[in-house]
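Protein chains: 2
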Amino acid sequence: MIQSLNEHNREDLQEALSKGGQKLTPQREVVFAVLLAQRDHPTVDEVFNRAREVMPGLSLATVYNCLETFVGCGLVRQVNHERESTRYCPNLAPHAHFRDKETGQVHDIELPPEVMKSLRSILPPGFDSEVIEISFLGRAKANDSLNSN
Amino acid sequence: MIQSLNEHNREDLQEALSKGGQKLTPQREVVFAVLLAQRDHPTVDEVFNRAREVMPGLSLATVYNCLETFVGCGLVRQVNHERESTRYCPNLAPHAHFRDKETGQVHDIELPPEVMKSLRSILPPGFDSEVIEISFLGRAKANDSLNSN
DNA sequence: CTTGCGGTTTAGACTCATTCTAACTCTTTA
DNA sequence: TAAAGAGTTAGAATGAGTCTAAACCGCAAG
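So the protein sequences, as listed, match chains H and L.
Going by the working numbering, the first sequence opens with residue 5, and the numbers climb by one from there.
Going by the working numbering, the second sequence opens with residue 5, and the numbers climb by one from there.
If you want it as structure tokens, here you go:
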């Protein structure tokens with residue numbers, strides 16, 4: 005179940021928010037806690053439903069707002085696959101995503117620096133890239149524990 | 005301007021369609037010609053507008069249908085960036101996409117086989133991937149001629 | 001205090017890409 | 001010529017996400 009944030013995580017949140025000129029609010033705490041509690045790349049709706057168990061008055065618009073704020077503060081990444089609903093991921097380490105064709109589950113795949121480098125190297129001169137998104141589509145055989153980080 | 009398909013391209017289209025159990029229709033020819041004429045990763049709307057110059061009665065639904073058919077036959081790839089409108093690309097060679105933050109333009113980036121290989125190698129055992137999507141976000145300095153293929 | 005202010009939250013209206021539906025057309029097969 | 005089947009069409013429906021305007025809240029100034 006969704007716990008409230010521990011001291012450590014609350015401080016991280018607090019700090020990242022204030023760096024971005026934002027405040028820590030009860031809603032933001034709950035939404036952040038939801039993301040940390042179950043790192044399965046939930047959609048906004050999923051976050052909304054989970055958060056409401058803990059804070060029933062929370063509105064969907066606020067969940068959108070909170071998540072956008074987190075993305076702006078670099079606390080969370082958006083994960084898009086084709087045009088499906090955007091998913092959210094609190095894993096900050098550079099990583100790729102693997103989407104299971106059958107279950108729809110999204111798994112994080114560690115991205116070693118040398119692979120990042122070889123990717124950057126394929127850019128022709130004049131192309132400067134800040135963000136690289138890599139996503140695999142396929143099947144992951146069993147091994148439930150491998151998801152996320 | 006949009007030309008009608010030359011013999012060679014019409015045959016390719018014809019063949020790919022019939023392999024997928026589909027027929028060559030005037031609408032499909034026009035839509036395909038639009039994609040080949042300007043390889044700038046147009047959205048459905050852009051394809052629609054260009055195609056109407058040549059076939060004014062064409063409907064938007066048909067453009068959606070044609071593009072979906074082409075994707076099904078492997079003639080064309082969809083390109084998605086975040087949740088923006090889907091774009092279409094008739095470049096069949098394996099390649100990544102580079103999206104210019106400022107202009108919004110999408111450029112094709114050639115993907116050498118050894119980079120593909122190193123990417124596949126980061127998948128943990130049990131993960132089998134058929135499709136790998138790679139997209140860069142950044143700025144491309146000038147050099148208009150480098151776009152697409 | 002209590003008033004005012006800026007940032008946050010809220011419900012509901014709105015947008016817009018995409019999908020669906022049902023009617024229509026065209027071509028082929030019987 | 002009729003019936004069947006594929007493809008096309010206009011417009012309605014869907015649904016994720018955004019916008020708007022009102023309510024709320026914590027806090028600093030009076």
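In this text, a Cβ means the ideal position worked out from N, Cα and C, and glycines have one as well.
N-terminal and C-terminal residue of the alpha helix (DSSP H) that residue i is part of
i	result
glycine 76 (chain L)	64 to 77
proline 183 (chain L)	Residue 183 (chain L) cannot be examined here, being either before or after the span of chain L that is shown, 5 to 153.
Delimiting residues of the beta strand (DSSP E) encompassing residue i
i	result
alanine 97 (chain H)	Run containing alanine 97 (chain H): none; DSSP gives neither H nor E here.
glutamate 114 (chain L)	110 to 114
Simplified DSSP state of residue i, which is helix, strand or coil
i	result
histidine 85 (chain L)	coil
glutamate 137 (chain L)	strand
arginine 14 (chain H)	helix
arginine 54 (chain H)	helix
arginine 143 (chain H)	strand
aspartate 132 (chain H)	strand
aspartate 49 (chain L)	helix
valine 124 (chain H)	Note on residue identity: the sequence assigns arginine, not valine, to residue 124 (chain H). Correct three-state label for arginine 124 (chain H): helix.
glycine 24 (chain L)	coil
serine 149 (chain L)	Low local confidence applies: a pLDDT of 48 at serine 149 (chain L) is under 50, so the model's placement there is unreliable, with the coordinate-based value given in what follows. If DSSP states are grouped into helix, strand and coil, serine 149 (chain L) belongs with the helices.
serine 8 (chain H)	coil
valine 80 (chain H)	coil
Beta-carbon proximity list for residue i, same chain, < 8 angstroms, skipping 5 on both sides
i	result
aspartate 104 (chain H)	Val110, His111, Gly142, Arg143, Ala144
threonine 73 (chain H)	Leu21, Gly24, Gln26, Arg32
glutamine 18 (chain L)	Leu28
valine 51 (chain L)	Val35, Val38, Leu39, Val67, Leu71, Tyr92
methionine 5 (chain L)	Ala41, Glu57
asparagine 13 (chain H)	Phe36, Ala37, Leu40
isoleucine 136 (chain H)	Met120, Leu123, Arg124
glutamate 15 (chain H)	none
Residue closest to residue i, alpha-carbon to alpha-carbon, out of the options
i	options	result
glycine 130 (chain H)	L:Ser125, L:Ser133, L:Phe102	L:Phe102
alanine 41 (chain H)	H:Arg124, H:Pro128, H:Leu9	H:Leu9
leucine 127 (chain L)	H:Pro117, H:Glu134, H:Phe140	H:Phe140
valine 80 (chain H)	H:Glu134, H:Glu118, H:Asn95, H:Ile138	H:Asn95
glycine 78 (chain L)	L:Leu64, L:Ala97, L:Gly61, L:Ser63	L:Ala97
serine 133 (chain L)	H:Pro46, H:Gln7, H:Glu106, H:Glu134	H:Glu106
Same chain only: Cβ atoms within 7 angstroms of residue i, ignoring 5 sequence neighbours per side
i	result
cysteine 70 (chain H)	Gln31, Arg32, Val35
histidine 85 (chain H)	Arg103, Ser139
alanine 55 (chain L)	Val34, Val35, Val38, Leu62, Val67
glycine 76 (chain H)	Gly24
glycine 108 (chain L)	none
Close beta carbons around residue i, own chain, < 6 angstroms, minus the five adjacent residues each side
i	result
aspartate 49 (chain H)	none
threonine 90 (chain H)	Gln82, Asn84
glutamate 3 (chain H)	No statement about residue 3 (chain H) is possible, as the shown extent of chain H runs from 5 to 153 and does not include it.
threonine 47 (chain L)	Ser89, Arg91
histidine 45 (chain L)	Val83, Arg91, Cys93, Val110
methionine 59 (chain L)	Val34
leucine 64 (chain H)	Phe52
Closer than 7 angstroms: residue i CB and nearest the ligand ATP heavy atom
i	result
lysine 121 (chain L)	The model depicted lacks the ligand ATP and carries no ligand whatsoever.
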